[in-house]
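Novice:
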Amino acid sequence: MGAGASSLGPQDNEDDTTFQKRQGDIAYQAGQFEDAIAWYTTCIVMAIAANPTAATALDDASVSPAIRSHALAKLYSNRSAAYIGVGNFEKALDDGLAAIEHHPTWTKGYFRASNAAMHLGDAGKVDARDHILKALALAPGDATLEATRKLLFTNFEPHQQGVGTVYSWGRGDEGQLGHGMGKIRQSLPTMLDALRGKHVVEVAAGAMHTLALLVDGDVFTWGNNSYGQCGVPEPTVEMPRLVPCLVGRRITAIACGAGHSVAIAATGAVFSWGIGKQGQLGHGYECVQEPNPRQILSLEPVAAVACGIAHTMFLLPDGSIRGCGLNSYGQLGLGHTKPIVGVPTSIELTCRVHHVACGGAHSCLVDADGRLWSAGSNSCGQLGLGHSTDTCEFEVVAMATPCALVVCGEEFSGAVAATRAVYMWGLGIAGQMGDRTYTSYDAPHLVDGLPPVETLSLSQAQVFAVTGEGGVWTWGLPGDRAHDAGAIIESPEQVAAFFGKKRVRQLGCGRKHYVMVTRGAFGPTSTLSFKNTTAKVGEWLRFTIAAMDTEGEECTTGGSQFVARLSLQDATDPKAALGLTTQDSVVEITDDMDGRYSGRCRSAVAGRYVLVVTLNSLPVAQSPFEVELVSGHVHPPHCHVIWAKTSSLLVGTPGERLQGHVECRDNFNNLVRPTTPMKSDDADDFNVMTVVQLLDPTSNAVLFKQSFPSIDSNSTVDVYVDCPVAAGTYAIDVRIDGEALHPTTSLVVQPPTDIAAVAATCRVLLPSHGVVDEAIAVHVTWDGGMASRLDFTCTATPNSHTLSARALVRCGHRLDPRVFSLVQVDASTAIATVRFEVASVYTVVVSLLTDGDNDATTSSHAIATTNIAVAPGRAHVDFTEICHGRAQLARVQTSANVVDLTIQLRDRFGNACESVHPDDVVTGLVTDLPTVDDRQIGLDSVVGKDGTVTMSVPPLVPGQRTYLHMWLNDRPIMYSPFELSEAVEAVDEENRPPLGIVVPPLVVNLDDLRRQETTRRRADQALKRERERRQAERDKQDKLKARKRTGGGFTVQFHMDE
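With the sequence shown counted from 1, adding 57 to any position gets you this note's numbering.
Next up, the structure:
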């Protein structure tokens, strides 16, 4: 990738969405993943609001890719990477899949989805392998993708059977069986290992190559590739390979000719590839061969396609047809026998076509009224017209009953009537007519001895009939035994290899090979049922999956691999609700080997979940299924008491009642909330008894005892304790159902204090100057003996600032008044240490807090007001910038004279430096490359007295790309190097080089960004307070702050955070 130039701030033609994406990119490169998620989320919301069609279009597979938003795909991809950075792989997978939906042919979307899914257990790795194979098909040879593929496929064995399993048999000299060149002949249907576990819905066989269509629209290919008919680079494809150019196209139908292939996308677009010298590809007369799938641009949307040996017929949604390719016998039905038709040409008909089929050199179709039509070669009576004369126009074939389906072999044809009876006509010298004779018929001939048939498949001289129950019947001569007269099957026989085992969905015939796909489990028709939808955290929630095939019939064998994921939707825990924690969930599915699958799931986090169950990326009928996991029984070791008074020690006066509450949590640290009991004994989870006792440590006598039943809706139990009359120190013991909560709280009872008298003796010690990020100590002393415990607060308010616009986003909340508490370290001293990040003159007010008329209110007495000047620190590359950068750089680009650029030095918090430190060195260079080499030109600089440096930049050389490098202490400043050339090439977003590691100057609504930053900061602070509270459970209330012994007293030193 290498280094590259960047631009300063938003570009003139850059909208807010693009700018915020760049903000997210920079935060991601800096490792600030939570910030990156916030930027990308805002950007996605803005992008969807600007183009709502892009979001709604995803529900319709027929929508043109142009309507989908490639820009949204990149945003989802980037946010997926950020979610991986914070370990939230469930949301990372959701975003990876969204990127694929918006840009189905983009490599990075599949890579993101694979990278997320691979962390979701064995079930997730199934999808991860599919995604990485698609990514490699789009970007073969990519080192990162190859490394991921090796990791995923190490010690990997596919499950033995899959849904829509593919079997092949016959001759495989050209790899058309898909078993590798080591197995070139199979006498019995054999499962293709390479397609195990994939849901194949359709197969098609050419003369010596094969295609398979998956339910998600991907196409696999194998066999002879002499003319590019497989769509991959190799001349022979021994094992099934994904067709790269069709990844993401959502293919819905496939067809094969002798040496060409055709596919239809969900949009109706048609792609063709392979041999084309007879015009069968439809790309024009000059197209002799096409090695990769290419869209037929001259063809409107198509509903179905059929391929003969060297011609192709297209059925349009309005019932009209188009044809191209070889027409020597009139097989296109155009009314002439012009040998080659290079582009799809309309065929004049007086009916609405319902179905079309192509043979060796003839074509047949069925109209909406069930009439059968045919045209082309009729040398063996294959047109069924009662004679053997060729015809170049479609003529009606006389049938006793309406026709439902027609199929064509090379020189014979077959049809399934509306009654499900089978008719054959044409060449019959190998038993193709199924009547125990070798007679050829020039009109439809009923085949006896068959059950009701759904579909037919014809090869060179063999017929296969598939029944509605999935049974297979055959007659004629197998192509791989063409010279063995003893192999002829004169009348229909059921294929015993599949009798009672597998139901066949579809069967395709090549010249000497056969391929078929069975009816396996299908996600949308399979059902999901729960024994219950509510459970406690840590307990298993059990469900059952009943596998059904595409026809809605129960599957009686196992082998399918369902993938399930439990996704948290709503939680009471703030960290879990923000998506910044793993939900520690487990989902297991066991194959009962009878078509049913037993599943169970559990999680340690209470909340509302949805269970998503899929098979080959398609959800089962009831998925997603909403379930709820409730908190468990109260676990006293995880509970704690919160008293209304928040001083470091709990202090009261004689006879005072102190209020508090017990926060109840279960064994997994979830808040215990009363709910409707799932079972009769579950009510005991909430009917706990909390007992509060006040103990005299010297005698261990119980001075106060009170019981408090039940938990309220806020997961708490309200408690109180009455202070004794005698002053002193006491212990408060809290127990839940007899088990003590730790630590024990100390209560200090002291006589009322004369606050006014104490305030009059207070003295405040505070330095007059300081530097950002350096500890500044605040001391308050008073006359000893006047009070044992006092609470002080200090409020510091900045009067001005020199922060840059971008620094305001990070540190702007520091402009608000800061309030912090002082900690009393002995009977007459309180102390605190604070660090400032914003350089300013602060007004500092120190106040003494006292209780109001009731316990819920407090009042304060200001005892001192003073100022402290906080100076900026040393210059840092993160915020050092070119003053008015866009305007100054624009002057450099257009001026024919030397231009002076002013560099404003800023510290690591974004404060403007007041002077240039003697050890700071600012260097400027001009080069013709984004990297520094021997052709660099040094710039003259002048150091200013106000923390600035002026650089003199010479005029640009016309027609030469120029880069400006700015370094501070041998490190590039923000956005360096700057591209100064007049012609700026477009940057490919997919291969865009990494940006800088800091956030760019702010040009969008500052108030909105500050609110976003404040929200994120408050969430972080809430999580931090939660961690501090847990730590405080193991200490006494009077040891909440770190202390160290010095001399004859105690001194507290700490960093005070908001």
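No residue lacks a Cβ here, since even glycine has one placed at the ideal position from N, Cα and C.
Check for me: the beta strand (DSSP E) holding residue 532 runs from which residue to which?
Specialist: Counting along the chain, the beta strand (DSSP E) containing residue 532 begins and ends at 529 to 533.
Novice: What does residue 330 pair with, by DSSP beta-bridge criteria?
Specialist: 318, per the DSSP bridge assignment.
Novice: Using alpha carbons as the reference points, say which of 879, 854, 885 and 882 lies closest to residue 870.
Specialist: It is 854.
Novice: Check this for me: beta carbons of residue 471 and residue 481, under 9 Å apart or not?
Specialist: The answer is yes: Cβ separation under 9 Å.
Novice: Excluding the five sequence neighbours on either side, which residues of its own chain have a C-beta within less than 6 Å of the C-beta of residue 997, listed in chain order?
Specialist: Hits under 6 Å: 1009.
Novice: When the Cα of residue 683 is compared with those of 699, 585 and 725, which residue comes out closest?
Specialist: Closest by alpha carbon: 585.
Novice: Determine the direct distance from the alpha carbon of residue 547 to that of residue 491, and round the result to whole angstroms.
Specialist: Taking the straight line from one Cα to the other gives about 5 Å.
Novice: At the level of alpha carbons, what is the spacing between residue 431 and residue 174?
Specialist: The alpha-carbon atoms of residue 431 and residue 174 are separated by roughly 52 Å.
Novice: How would you call residue 379, buried or exposed, if buried means at least 16 neighbouring beta carbons within 10 angstroms?
Specialist: Buried.
Novice: Quick check on residue 329 - is its C-beta less than 9 Å from some C-beta in chain D?
Specialist: Absent here is chain D; the protein component of the structure consists of one chain.
Novice: Do residue 382 and residue 365 have their CB atoms nearer than 9 Å?
Specialist: Yes; because the gap between Cβ atoms is below 9 Å, this pair is in contact.
Novice: Do residue 973 and residue 1007 have their C-beta atoms within less than 9 Å of each other?
Specialist: Going by C-beta atoms, residue 973 is not nearer than 9 Å to residue 1007.
Novice: Which residue or residues does DSSP assign as beta-bridge partners of residue 381?
Specialist: Looking at the DSSP assignment, residue 381 forms a beta bridge with 369.
Novice: Among residues of its own chain, excluding the 5 on either side of residue 527, which ones have a beta-carbon nearer than 6 Å to its beta-carbon?
Specialist: These residues qualify, in order along the chain: 560, 561 and 576.
Novice: Extract the residue ranges of the beta strand (DSSP E) inside the stretch 402 to 440, only unbroken runs of 3 or more that lie entirely within it.
Specialist: List check, beta strand (DSSP E) in window: 410 to 415, 419 to 424 and 429 to 433.
Novice: Taking all protein chains shown into account, decide if residue 971 is buried (16 or more other Cβ within 10 angstroms of its Cβ) or exposed.
Specialist: So residue 971 counts as exposed.
Novice: If distances are taken between C-alpha atoms only, which option among 1014, 680, 421 and 1037 comes closest to residue 368?
Specialist: That would be 421, whose Cα lies nearest to the Cα of residue 368.
Novice: What is the DSSP secondary structure of residue 924, reduced to helix, strand or coil?
Specialist: Of the three classes helix, strand and coil, the one that applies to residue 924 here is strand, per DSSP.
Novice: Please report the distance separating the alpha-carbon of residue 134 from that of residue 100.
Specialist: About 13 Å.
Novice: Tell me which residues share the same chain as residue 568 and place their Cβ nearer than 6 Å to its Cβ, disregarding the 5 neighbours each side in the sequence.
Specialist: So the list reads 264, 517 and 536, once near-sequence residues are dropped.
Novice: Below 8 Å on the Cβ atoms is my guess for residue 938 versus residue 878; work out the distance and round it to an integer in Å.
Specialist: Their Cβ separation, rounded to whole angstroms, is 37 Å, which puts residue 938 and residue 878 out of contact at 8 Å.
Novice: Residue 1046 to residue 160, Cα distance in whole Å?
Specialist: Confidence at residue 1046 is low in this model, with a pLDDT of 39, below 50, so the placement of that residue should be treated as unreliable; the coordinate-derived value is given next. Distance between the alpha carbons of residue 1046 and residue 160: 14 Å.
Novice: Can the beta-carbon of residue 961 be found closer than 9 Å to that of residue 969?
Specialist: Their beta carbons are under 9 Å apart, which means residue 961 touches residue 969 by this criterion.
Novice: Would you say the stretch 274 to 290 touches the stretch 311 to 318, given that touching needs at least three Cβ pairs under 8 Å?
Specialist: Verdict: yes, contact present.
Novice: Do residue 390 and residue 433 come within 9 Å of each other at the CB atom, strictly closer than that value?
Specialist: Their beta carbons are under 9 Å apart, which means residue 433 touches residue 390 by this criterion.
Novice: Taking the alpha helix (DSSP H) that residue 147 belongs to, which residues open and close that run?
Specialist: Note, residue 147: alpha helix (DSSP H), 146 to 159.
Novice: Leaving out five residues on either side along the sequence, give the residues of the same chain with a beta carbon under 7 Å from the beta carbon of residue 166.
Specialist: Contacts found: 130, 134, 153, 156, 157 and 160.
Novice: Taking contact to mean 3 or more Cβ pairs, one atom from each stretch, closer than 8 Å, check whether the stretch 224 to 239 and the stretch 258 to 273 are in contact.
Specialist: In short, these stretches touch, since the Cβ pair count reaches three.
Novice: Roughly how many whole angstroms lie between the Cα atoms of residue 783 and residue 711?
Specialist: Answer to the nearest angstrom: the Cα atoms are 7 Å apart.
Novice: Using the rule of at least 16 other Cβ atoms within 10 Å of the residue's Cβ for burial, across every protein chain shown, is residue 182 buried or exposed?
Specialist: It counts as buried.
Novice: Using C-beta distances below 8 Å, list every residue in its chain close to residue 714, excluding the 5 sequence neighbours before and after it, in chain order.
Specialist: 777, 778, 779, 780 and 912.
Novice: Using the Cα positions of residue 917 and residue 905, report the straight-line distance between them to the nearest angstrom.
Specialist: Each residue's alpha carbon lies about 5 Å from the other.
Novice: Between the stretch 323 to 330 and the stretch 249 to 261, are three or more C-beta pairs nearer than 8 Å?
Specialist: Verdict: no, contact absent.
Novice: In the DSSP assignment, the alpha helix (DSSP H) including residue 296 goes from what residue to what residue?
Specialist: Unbroken run through residue 296 is the beta strand (DSSP E), 293 to 299; no alpha helix (DSSP H).
Novice: With distances taken from CA atoms, which of 651, 349, 461 and 689 is nearest residue 290?
Specialist: The shortest C-alpha separation from residue 290 is found at 349.
Novice: Within a Cβ cutoff of 6 Å, which residues of the same chain sit near residue 822, ignoring the five residues on either side of it in sequence?
Specialist: Cβ within range, chain order: 836.
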